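S.K.: Can you keep this structure in mind? I'll have questions shortly.
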Amino acid sequence: MKWIKVKCKSCGNIFDHDLDTGTAAVCSCCNCLNNIRTEPGLPPVRVSEVNAPAPANVAALSAISKYFNSANYSFLVSEARRNPRIINLLLEARFKKPVTGFWLSFFLGGLAADRFYQGKTGLAVCKLLFGWMTGGLWPLIDLFLIMKSIRETNYETAMEIINYQT
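In this note's numbering, the protein residues as written are 81 to 246.
In structure tokens form, the structure reads like this:
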């Protein structure tokens, strides 16, 4: 067995690969196939019969970072590194935009449009029916809490995706 260190072309992970297997190096982080050469001038190691498409790069998750707080986003990235199959599912999920929730709360908070947008229909109906009893205090408080609440709801949705895939 002849072992070499290989650096993944997609994620940069460095891993060990056995040259005696006669297959391309498969990254232990993102499962990407890496054609390698044993020495300069020699043909690349043959790719095995595994022709599965490489999953999206973990860096692609930066497109959805605005939907989560930083701690939750970091956890999602670490989970995506462990299970690259969830990357595409997270990218295709329909997360709610916290800024949209803020503006709905600002302009239509008294009508509970922010909570309806978030998907919390029961809370929205209660806010709609009883919000006036608080003298406008409930919509005012929601104005400051809605972005955090939407980010938490997005995180719950992402965790459902992750737990479903494991």
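Even glycine gets a Cβ: it sits at the ideal position worked out from N, Cα and C. A quick note: this is a predicted structure, and the numbers were derived from the prediction, not measured.
Does leucine 171 pass the burial test, meaning 16 or more other C-beta atoms within 10 Å, or should it be called exposed?
M.R.: Exposed, since its Cβ has fewer than 16 Cβ neighbours within 10 Å.
S.K.: The alpha helix (DSSP H) that contains threonine 214, what's its start and end?
M.R.: Neither: threonine 214 is in no alpha helix (DSSP H) and is coded neither H nor E.
S.K.: One question on the structure: do isoleucine 221 and aspartate 194 come within less than 7 Å of each other, judged by their Cβ atoms?
M.R.: Not a contact, by the Cβ cut-off of 7 Å.
S.K.: Counting along the chain, where does the alpha helix (DSSP H) carrying serine 154 start and finish?
M.R.: That run of the alpha helix (DSSP H) goes 150-162.
S.K.: In this structure, does DSSP put glycine 202 in helix, strand or coil?
M.R.: Helix, per DSSP.
S.K.: Let me know if asparagine 247 comes out buried or exposed under the rule of 16 or more other beta-carbons within 10 Å of its beta-carbon.
M.R.: The displayed coordinates of the chain run from 81 to 246. Any statement about residue 247 would go beyond what the structure contains.
S.K.: Whose C-alpha, out of Pro219, Ile241, Val205, Arg231, is nearest the C-alpha of alanine 173?
M.R.: The shortest Cα separation from alanine 173 among Pro219, Ile241, Val205, Arg231 belongs to Ile241.
S.K.: Looking at the structure shown, is lysine 228 part of a helix, part of a strand, or coil, going by DSSP?
M.R.: It is helical.
S.K.: Starting from asparagine 168, trace the alpha helix (DSSP H) both ways and give me its first and last residue.
M.R.: Taken as a continuous stretch (DSSP letters only), the alpha helix (DSSP H) holding asparagine 168 covers 165-172.
S.K.: Thinking C-alpha only, which one of Asn243, Tyr244, Gln245, Arg231 is nearest asparagine 152?
M.R.: If we check each option's Cα against that of asparagine 152, Arg231 comes out closest.
S.K.: For alanine 204, which residues of its own chain have a beta-carbon under 7 Å away from its beta-carbon, when the five flanking residues on both sides are left out?
M.R.: Only Ala192, Arg195, Phe196 meet the Cβ criterion.
S.K.: Classify leucine 217: buried if its beta carbon has 16 or more other beta carbons within 10 angstroms, exposed otherwise.
M.R.: Looking at its Cβ environment, which holds fewer than 16 other Cβ atoms inside 10 Å, leucine 217 is exposed.
S.K.: Going by the CB atoms, is the gap between leucine 141 and valine 157 shorter than 7 Å?
M.R.: Contact flag set, yes.
S.K.: What residue from Ile94, Cys109, Ser229, Lys228 has the CA that sits closest to isoleucine 167's CA?
M.R.: Ranking Ile94, Cys109, Ser229, Lys228 by Cα distance to isoleucine 167 puts Cys109 first.
S.K.: Please list, in chain order, all residues of the same chain as glutamate 159 whose beta carbon is under 6 Å from its beta carbon, the five residues on each side excluded.
M.R.: Hits under 6 Å: Ile242.
S.K.: Kindly give me the distance between the Cβ atoms of arginine 165 and glutamine 245, rounded to whole angstroms, as I take these residues to be in contact under 8 Å.
M.R.: With 8 Å as the limit, arginine 165 and glutamine 245 qualify as a contact, their Cβ atoms being about 6 Å apart.
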